[in-house]
Every structure is written in structure tokens, then in C-alpha cells.
Amino acid sequence: MRTIKAAFLDRDGTINVDTGYIGSPDNIELLPGAAQAIRLLNDAGYTVFGVSNQSGVARGFFGIEVVVAVNRRVLELLKAEGAHIKEILFCPHHTRGTVPEYSIPCQCRKPLPGMVEAAREKYEFAIADAIVIGDKICDIELGKNIGARTALVATGFGAEEKIKIDCGEAPAPDVFASNLLQAVIALSGAAPRGQF
Ligand SMILES: [Mg+2]
Ligand SMILES: [Zn+2]
């Protein structure tokens, strides 16, 4: 197994605009700076994974194939800007869903570590070097659960989630960042070209 440095990024609200239970690859829009952030991670030697809770499958809003199509679109848009994500992992489950097959307790819904564990079956990486970035408390809790460093972005639900953290309702991340690019700069120590 080859050893990598791993970055786990939430998808909706962190990489692309979160329009809520995204059920179509049309109209997927990358957030400003997201492609640059992922390029920066690539250049800094990180292998980047998406980790996404997609309970819309369990809730019967859309099928697995829709999640796969949306993921493919996100990867294409990033690739067009020279940014590479190895794979977007997702959890289709929710205990209060309506589709029996997916309405089960699982180990992959964030903040549980199942998606990171799935990546670990294929790649070897030091958790101490791993980073987790997202717009929700569950993303920060995922990072804490696996022992990685974490950043909460202010995009998506991030600003609302920060209020809960400020009130002591949830653990604080290592970094509060305005967006994915600022989170990457803070956690990876990488600097965009031309900026020192
Ligand atoms: Mg999100
Ligand atoms: Zn799951």
C-alpha cells in the first residue's frame, strides 16, 4: 500500500453550492476558490477525498445513481480547473428514512468514521497528517473522532454552525475559515502561488 497524506473534504456547502438535497448534476456550481484550494492540496502532496452524507437516498428523494452522477459532475468541474479529487465517498443512509434498504443505522454517516475507514482500506495514511474540512458540526466531529485536524468553513451552513460552536453546543475546530481556500491555507501551510 502506498502511503499518502489525506485530506477529507465535505462536498455540499464546502466544494459546491449547497442547494439542499442535490438531486441533479445540472446547475452544480463550485464555490469561489474551491478549485484553487484543491489544486493547492494536490500541489502540497495531499490525496483529496470527498466525504458526503447523502441521506436524500434513504429519504427517497433520489437514487444512488443520482449521487454518483452529481459526484461525477463535481469531479469534472474541478478537473477542468486542474483540481483533482481521488474519489467522493458518500453515505446514503439515515435511520429515519423511507427507503427500507437505506433506512438503517450505519458506520458511515458523518460524524461516524466509516468513510475514512473505507479510504484506509485502500490507502495508508497517518491520521496525524490528515485534515478534515466542512461546513457542518458533523464534519468537525468526524475529524475529532479520527484524530485529524479540522477546519469549519463559513460557506454553506458554516456561519450558522459556528454560532452553535460559539455557544458551546459543539466542539470547536482547529480553524475557522471563510472558505475552503482559507481553510486549506491554514491547515496545510501551503501558500497560493505569488502569495507569501
Ligand atoms: Mg456540507
Ligand atoms: Zn451510512
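Heads up, the sequence shown is in our numbering, so the first residue is 183 and it goes up one at a time.
Using N, Cα and C, we set each Cβ at its ideal position, and we do this for glycine too.
- Task: Please list, in chain order, all residues of the same chain as C320 whose beta carbon is under 6 Å from its beta carbon, the five residues on each side excluded.
- Result: K292, P293
- Item | Reference A189, options V199, L259, I267, V230, closest by Cα | V230
- Query: In chain order, what residues of the same chain lie with their CB nearer than 7 Å to the CB of T280, ignoring the 5 residues before and after it?
  - Reply: R241, G242
- Between the C-alpha atoms of A216 and A354, what's the straight-line distance to the nearest angstrom? 22 Å
- Task: Report, in whole angstroms, the separation of the C-beta atoms of G227 and N253, which I expect to be a contact under 8 Å.
- Result: At roughly 23 Å, the Cβ-Cβ gap does not stay under 8 Å, so G227 and N253 are not in contact.
- Query: Alpha carbon to alpha carbon, what distance is there between C273 and E306?
  - Reply: 21 Å
- Item | Reference I220; option with closest CA among L259, S234, G350 | L259
- State the beta-bridge partners of T196 as determined by DSSP. Answer is none; T196 lacks a bridge partner.
- Query: Which of the three DSSP states, helix, strand or coil, is assigned to C349?
  - Reply: coil
- Task: Spell out the partners DSSP gives A359 in its beta bridges.
- Result: V335
- Message: Measuring only from the beta carbon, is G325 closer than 7 Å to any heavy atom that is part of ligand 1?
- Response: no
- Task: Tell me the start and end of each unbroken alpha helix (DSSP H) in the stretch 258-323 that is at least 4 residues and wholly inside, in chain order.
- Result: 296-304
- Can you tell which of E283, N198, R331, G202 has its C-alpha closest to the C-alpha of L212? N198
- Enumerate in chain order the residues of its own chain whose CB-to-CB distance from E323 is below 8 Å, with the five nearest sequence positions on each side excluded. K292, P293, A352, P353
- What number of angstroms, rounded off, separates the C-alpha of E299 from the C-alpha of H276? 19 Å
- Residues that DSSP places opposite A189 in a beta bridge: V230, I313
- Task: Locate the alpha helix (DSSP H) running through N224, then write down its first and last residues.
- Result: 216-225
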